[in-house]
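For the sequence shown, the numbering used here assigns the number 1004 to the initial residue and increments by one for each residue that follows. Ideal placement from N, C-alpha and C gives every residue a C-beta, glycine not left out. Quantities reported herein were computed from a predicted structural model and do not represent experimental measurements.
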Amino acid sequence: MGGVVMNANRILASALLLAMAGVVFAAGNNERTAADIHRDALVLDAHADIEIPGSETRYAGDDGRSQVAPDKMQRGGTDAVVMAIGVGPMPRNAEGYAAARKRAEEELTAIGTIVADPANNAVLVRSADELVAAHKAGKSALVLGFQNALILGEDIEAIDYFFDAGVRVFALTHMGHNDFADSSRPLFIAEKGTHEPEEEHGGLSDLGRAAVARINTLGGVMDVSQLSKAATLEVVALSATPVIASHSNVRALSDVSRNLSDEEIDRIAEKGGVVHVAPFRGYLFDSTDEELVRDIRAARKAANLKEDYLYPFELYWEIDDPVAQRAFLDAVSGLLGPGDVADMLTHMDYIAKRVGADHVGVGTDFNHGSGVEQYGDASESASVTSGLVDLGYSEAQIRKIWGENFLRVLRAAEAHAAGDD
1004 MGGVVMNANR ILASALLLAM AGVVFAAGNN ERTAADIHRD ALVLDAHADI
1054 EIPGSETRYA GDDGRSQVAP DKMQRGGTDA VVMAIGVGPM PRNAEGYAAA
1104 RKRAEEELTA IGTIVADPAN NAVLVRSADE LVAAHKAGKS ALVLGFQNAL
1154 ILGEDIEAID YFFDAGVRVF ALTHMGHNDF ADSSRPLFIA EKGTHEPEEE
1204 HGGLSDLGRA AVARINTLGG VMDVSQLSKA ATLEVVALSA TPVIASHSNV
1254 RALSDVSRNL SDEEIDRIAE KGGVVHVAPF RGYLFDSTDE ELVRDIRAAR
1304 KAANLKEDYL YPFELYWEID DPVAQRAFLD AVSGLLGPGD VADMLTHMDY
1354 IAKRVGADHV GVGTDFNHGS GVEQYGDASE SASVTSGLVD LGYSEAQIRK
1404 IWGENFLRVL RAAEAHAAGD D
């Protein structure tokens, strides 16, 4: 009965979110509103970070809680979220590996706590079929992701441990290169007083190539977000199954190192993969706006940061004084403005027009600074559906973008592992 009530609440919330929009989609002789489409689609967010209760970060929502808390998912009709077990930069030594693994275990525990509480009506899913079943049952589905092979140290066999724990989406890097792959964002090495080279491995290392092979064998999905361009192209070429970018935008529109070039988008699509777009201002700003770029560079220079680092907020952690750090972040934030869901839709539309709607998805990067006006957390996911309807996307295309494209890739990974491809 609890699941039925939750589902009813979810349907009502979705309808209320879109009722005022008055958006109508014609389907044969019937009229389908954006609310109808949103209610029936499998609405999946391909990437969010995990907030550990009691140690929430400044990236959480305005209420201090996770932006993808189950109640927010239910209010917004967000059916599933890939929750990434991930860590940021740490030393590449035994101590750093141990600290990364400890953090990963804490995040695993946090997800277990969410699922164990009946009030959340949430379930951890390990397969495409379980994901579909959770949606039909009106439950909030959590899929485990993985971000940053620093957690593995130099141990390939640890991949099996995380797969057995439920991880189905694997990204090899975050900020900074590691022993497996090059990152799109080289780090500043304080003890050396310099940044990492743009490339360390020229893409993947031998460990990274072995990791791709092992993840394919197990039935996991490779995620290329955060990888360097060379590493991304190498993963796409090596992977036996389609890959995803769980939270990456279009570099042709916003020229930052975390976004994907047209070549990367093309190769991902040719392999049958999906690019999931994030509602994050730092990946959405108009980099052709010369005045804006000039002002961002000036703000970076005033903060004694590298001016031409391709990401407005990046390297803020190098500012030791917390007051000065906050001032820099506020300055850049003011220049970018709050951002809008329309900016996100522009990136989605670019990808769809270039390679087709079969290769577009949504990955919010919530709980890590993401969120724009009209899409600040999981409770507002219906605004994306409304925007896609306004842009002329069909119900079939919207259903693919929200969840069916991800399902297709996951099923391909499962089929390969089972020897059925």
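Check: Spatial distance of R1042 from G1080 (CA atoms); Outcome: 6 Å
Check: Cα-Cα separation, D1424 to E1108; Outcome: 33 Å
Check: Integer Cβ distance of L1287 from M1347, believed to fall under 8 Å; Outcome: 6 Å
Check: Helix, strand or coil at S1251 [DSSP, three-state]; Outcome: coil
Check: Assigned secondary structure, V1365 (DSSP; H/G/I helix, E/B strand, else coil); Outcome: strand
Check: I1148, DSSP secondary structure in three states; Outcome: Reading the sequence as shown, one finds Gly at residue 1148 and not Ile. Of the three classes helix, strand and coil, the one that applies to G1148 here is strand, per DSSP.
Check: Cutoff 7 Å; reference L1155; Cβ partners in own chain excluding five residues on either side; Outcome: A1161, I1162
Check: Simplified DSSP state of E1383, which is helix, strand or coil; Outcome: helix
Check: Straight-line Cα distance separating R1188 from D1130; Outcome: The residue you asked about is not Asp; residue 1130 is Ser in the sequence shown. If I take the Cα positions, the gap works out to 32 Å.
Check: Alpha-carbon spacing of D1209 relative to A1184, whole angstroms; Outcome: 9 Å
Check: Per DSSP, the bridge partner or partners of A1051; Outcome: M1086, F1369
Check: C-alpha distance - D1309 paired with W1320, whole-angstrom precision; Outcome: Note on identity: in this sequence residue 1309 is Lys, with Asp being the wrong assignment. Straight-line Cα distance between these residues: approximately 12 Å.
Check: For R1411, the first and last residue of its enclosing alpha helix (DSSP H); Outcome: 1408-1421
Check: Residue(s) in a DSSP beta bridge with M1225; Outcome: F1173
Check: Residues that H1279 bridges to, as DSSP identifies them; Outcome: G1364
Check: Helix, strand or coil at D1343 [DSSP, three-state]; Outcome: strand
Check: 6 Å Cβ shell around G1169 - same chain, five flanking residues per side excluded; Outcome: L1127, R1129, L1147
Check: Residue closest to L1338, alpha-carbon to alpha-carbon, out of G1379, V1280, R1303; Outcome: R1303
Check: Nearest-angstrom beta carbon gap, V1084 and V1071 [assumed within contact, 8 Å]; Outcome: 5 Å
Check: Straight-line gap, E1202 to E1383 (C-alpha atoms, nearest Å); Outcome: 38 Å
Check: I1401 to A1101 span [Cα, whole Å]; Outcome: 42 Å
Check: Rounded Cβ spacing between A1248 and I1271 (contact assumed at less than 8 Å); Outcome: 6 Å
Check: Beta-carbon gap between Y1062 and N1262 smaller than 7 Å; Outcome: no
Check: P1094 burial status per 10 Å Cβ neighbour count (16 or more: buried); Outcome: exposed
Check: Range of the contiguous beta strand (DSSP E) that encloses L1295; Outcome: Where L1295 is concerned, there is no enclosing beta strand (DSSP E), although the alpha helix (DSSP H) it sits in stretches over 1293-1305.
Check: Given R1068 as reference, the closest of R1078, E1054, M1076 once Cα atoms are compared; Outcome: E1054
Check: Host alpha helix (DSSP H) of V1046 (start-end); Outcome: V1046 -> no alpha helix (DSSP H), and no H or E assigned at all.
Check: Beta-bridge pairing of A1125 - partner residues as DSSP gives them; Outcome: S1143
Check: D1311: first and last residue of the uninterrupted alpha helix (DSSP H) it sits in; Outcome: Segment: none, D1311 is in no alpha helix (DSSP H) and carries neither H nor E.
Check: Same chain, Cβ closer than 8 Å to A1327, five either side skipped, listed in chain order; Outcome: A1306
Check: Exposure of Y1396, with buried meaning 16 or more beta-carbon neighbours within 10 Å; Outcome: buried
Check: Reference V1358; option with closest CA among A1330, I1404, L1241; Outcome: I1404
Check: For A1184, the residue or residues it bridges with in DSSP; Outcome: L1207
Check: Contacting residues, own chain, Cβ-Cβ under 8 Å from T1116 (five flanking each side not counted); Outcome: P1056
Check: Bridge partners - L1230, DSSP secondary structure assignment; Outcome: S1186
Check: L1134 classed as buried or exposed, judged by whether at least 16 other C-beta atoms fall within 10 angstroms; Outcome: buried
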